[in-house]
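Under the numbering used here, residues 1239 to 1399 are what the sequence shown spells out, in order.
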Amino acid sequence: MRGIPMQTGVLRVLRATAASWWRHKELRRTGQTGQAQQLERETVLRDLGYLKQAASLPNAHVICGEGGTFIYLGWTTVSSFAPIERFPLATLAVARGTPFIDIRPVTDVIAFANLPRVTRDGSVDPEPWGPGRSVSLTTYNDTVEGLGARIINDPRPRQSI
């Protein structure tokens, strides 16, 4: 993929992850190596596309809670029921600078459930209340941090004292 500065380590992780999928393992076990390799290549290219989006979209972020890990990419969401520690694509996105919101420490689930969503396209609703309301990622981070979440690769400007 042109335009993506890619390290060998990133490709290694994506290839190993694709090869470990149960379906790809089963294809190899049954002698369908060519089909397994093709599916693995497609998976790696798809995941590289997700990493590119995570790096370029203004409101892309990774969020991890008790229900799993999600990578929000505007109109696309990639998810796993696993924590970020067992979701290599999310770990790579965070390592490459995508904001990470760890909501596992949040205890007020009602307040969290009532938070507005992060806007998909970077625009902000003039009236961020009511059903379907959305706010910028920085506003969302301010609010969720108040509930006890930890934020890594915080996109908010630092204030010097």
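For every residue, glycine included, the Cβ atom is placed at its ideal position computed from N, Cα and C. In this text, all values refer to a predicted model and were calculated from it rather than measured experimentally.
Original post:
Got a sec? Which residues, its chain only, sit under 7 Å from Thr1376 by beta carbon, not counting five neighbours each side?
Top reply: So the list reads Pro1393 and Arg1394, once near-sequence residues are dropped.
Original post:
Is DSSP giving Asp1392 helix, strand or coil here?
Top reply: Here Asp1392 sits in coil by DSSP.
Subject >> Of the listed residues Asn1297, Arg1358, Asp1340 and Gly1247, nearest to Val1382 (C-alpha basis) >> reply: Asp1340
**OP:** Name the residue from Ser1258, Ile1309 and Phe1325 whose alpha carbon lies nearest to the alpha carbon of Glu1278.
**Re:** Ser1258
Original post:
Can you find at least 3 beta carbon pairs, one from the region 1341-1351 and one from the region 1383-1390, that sit closer than 8 Å?
Top reply: yes
**OP:** May I ask which residues mark the beginning and end of the alpha helix (DSSP H) holding Thr1255?
**Re:** Element bounds for Thr1255: Thr1246 to Ser1258.
Original post:
So Gly1309 and Leu1295 are in contact, right, with Cβ under 8 Å, and what is the actual spacing, rounded?
Top reply: Position check: residue 1309 holds Ile in this sequence, whereas Gly was assumed. At roughly 11 Å, the Cβ-Cβ gap does not stay under 8 Å, so Ile1309 and Leu1295 are not in contact.
**OP:** Quick one: residues in its chain with C-beta nearer than 7 Å to the C-beta of Gly1241, no 5 flanking neighbours on either side, listed in chain order?
**Re:** Only weak support is given to the placement of Gly1241: the predicted model assigns it a pLDDT of 43, under 50, and the question is left unresolved by the model.
Subject >> Through-space distance from Asn1352 to Arg1358, alpha-carbon basis >> reply: 18 Å
Original post:
How about Val1332 and Val1300: do their beta carbons lie closer than 7 Å?
Top reply: In this structure, Val1300 lies closer than 7 Å to Val1332 by Cβ.
Original post:
If you draw a straight line from the C-alpha of Tyr1378 to the C-alpha of Gly1306, how long is it?
Top reply: 19 Å
Original post:
What's the gap between the Cα of Ile1389 and the Cα of Ile1322?
Top reply: 14 Å
Original post:
Where does Gln1276 land, buried or exposed, given buried means 16+ other C-beta within 10 angstroms?
Top reply: exposed
**OP:** Closer than 8 Å by C-beta to Val1356: which residues in its own chain qualify, once you throw out the five before and the five after it? Chain order, please.
**Re:** So the list reads Asn1297, His1299, Tyr1310, Ser1372, Val1373, Ser1374, Leu1375 and Tyr1378, once near-sequence residues are dropped.
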